[in-house]
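*Asks:* Quick note, in this note's numbering, the sequence shown goes up one by one and the last residue is 176. Just so you know, even glycine gets a beta-carbon here, dropped at the ideal spot from N, CA and C. Mind looking over this structure? Questions follow.
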Amino acid sequence: MSKHIQSYSPLFMLRGFLIVILGLIAIFTPQFVINSLMVFLSCVLLLVGVSMIVMGLRGGFEDNFLKVLEGAVYMVFGLLILLNTQASADVIVTLLAALFVVGGLVQIFASILIRQVIQNEFLGILNGIITILLGILIWADFTMGSFGIVRLIGLFLLIMGIISIWQSMKIRTYKY
């Protein structure tokens, strides 16, 4: 099992570098991050809505009324997000806070499970604690406004990326 985990060391390293890059982008260009995410999300919702409506109308409107209705709902939410990017960002950031808390708990649990296989499992536990802390700080509205929250997320991503890189180096050099 140790060799199996060791074989993933380059992926952990890549993940760490990507997280560091995302963290730096969030720290230095929060407006770009918010606008990009909101535009991307609204485009996805609009495309899904259009495709649901087209699929619904192809099969006959009476038979696929719910599919057409679902497509219309996707399109409405896509337009709302596109027209109200700041309010939408605030809602999504709150949802991210919940995701960070749950993700941090999973990281801690997974690190405890593999502690007999690898050394320095505390890095995974530390990463999980930091992730939970980020979620709690967002919920507590530690920073004012979504720019501050995006920068805070960027800072935590930077720390998490560095920990992930460090973890990958420890996994790669582990002697079993």
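May I have the straight-line CA-CA distance separating V20 from L99, to the nearest angstrom?
*Replies:* Sequence index remark: in the sequence shown, residue 20 carries index 20 (1-based). Sequence index remark: in the sequence shown, residue 99 carries index 99 (1-based). So the alpha carbons of these two residues sit roughly 19 angstroms apart.
*Asks:* CA-CA distance, D202 and T173?
*Replies:* Examination of residue 202 is not possible in this model, given that the chain is present from 1 through 176 alone.
*Asks:* Do G104 and G128 come within 7 angstroms of each other at the CB atom, strictly closer than that value?
*Replies:* To locate residue 128, count along the sequence shown from 1; it is residue 128. To locate residue 104, count along the sequence shown from 1; it is residue 104. Yes, the Cβ-Cβ distance between G128 and G104 is below 7 angstroms.
*Asks:* I'd like to check one pair, G161 with G16: are the Cβ atoms closer than 7 angstroms?
*Replies:* Sequence index remark: in the sequence shown, residue 16 carries index 16 (1-based). Sequence index remark: in the sequence shown, residue 161 carries index 161 (1-based). Contact: yes.
*Asks:* Do A26 and V150 have their CB atoms nearer than 7 angstroms?
*Replies:* Residue 26 sits at position 26 when you count from the first residue of the sequence shown. Residue 150 sits at position 150 when you count from the first residue of the sequence shown. Closer than 7 angstroms, so yes.
*Asks:* Put Q119 into one of helix, strand or coil per three-state DSSP.
*Replies:* Here residue 119 corresponds to residue number 119 of the sequence shown, with the count starting at 1. Q119: coil per DSSP, three-state reduction.
*Asks:* Is it buried or exposed, P30, if we count other Cβ atoms within 10 angstroms and call 16 or more buried?
*Replies:* Sequence index remark: in the sequence shown, residue 30 carries index 30 (1-based). The residue in question, P30, is buried, as its Cβ has 16 or more Cβ neighbours within 10 Å.
*Asks:* May I ask you to report which of helix, strand or coil DSSP gives E195?
*Replies:* Because the chain spans 1 through 176 in this model, residue 195 falls outside it and cannot be assessed.
*Asks:* Using CA atoms only, rank isn't needed, just tell me which of F40, I53, S168 is closest to N120.
*Replies:* The count along the sequence shown starts at 1 and reaches residue 120 at position 120. Cα-wise, what sits closest to N120 is S168.
*Asks:* Within 10 angstroms of its Cβ, does A97 collect 16 or more other Cβ (buried), or is it exposed?
*Replies:* Reading the sequence shown from its first residue, position 97 is the one you call residue 97. With 16 or more Cβ atoms within 10 Å of its Cβ, A97 is classed as buried.
*Asks:* Quick check: G23 and L157, are their CB atoms within less than 7 angstroms of each other?
*Replies:* As a position in the sequence shown, residue 23 is number 23, starting the count at 1. As a position in the sequence shown, residue 157 is number 157, starting the count at 1. Yes, Cβ-Cβ distance for G23 and L157 is below 7 angstroms.
*Asks:* At the level of alpha carbons, what is the spacing between K67 and F147?
*Replies:* Looking up residue 67 in the sequence shown gives position 67. Looking up residue 147 in the sequence shown gives position 147. When only Cα atoms are considered, K67 and F147 end up about 37 angstroms apart.
*Asks:* In or out: L152 buried (at least 16 other Cβ within 10 Å) or exposed?
*Replies:* Locating residue 152 in the sequence shown gives position 152, where the first residue counts as 1. Counting Cβ neighbours within 10 Å, L152 comes out buried, since at least 16 surround it.
*Asks:* I need the boundaries of the alpha helix (DSSP H) containing D141, first residue and last residue.
*Replies:* Looking up residue 141 in the sequence shown gives position 141. Where D141 is concerned, there is no enclosing alpha helix (DSSP H), given that its DSSP letter is neither H nor E.
*Asks:* Any contact of the stretch 71-79 with the stretch 47-60, i.e. 3+ C-beta pairs under 8 angstroms?
*Replies:* With the cut-off at 8 angstroms, the stretch 71-79 and the stretch 47-60 touch.
*Asks:* Nearest to R115 by CA position, among L57, C43, I171, V54, is which residue?
*Replies:* On the sequence shown, position 115 is the one that residue 115 refers to. Ranking L57, C43, I171, V54 by Cα distance to R115 puts I171 first.
*Asks:* Hey, S42 and L82: beta-carbon distance below 7 angstroms or not?
*Replies:* The residue you call residue 42 lines up with position 42 of the sequence shown. The residue you call residue 82 lines up with position 82 of the sequence shown. Contact flag set, yes.
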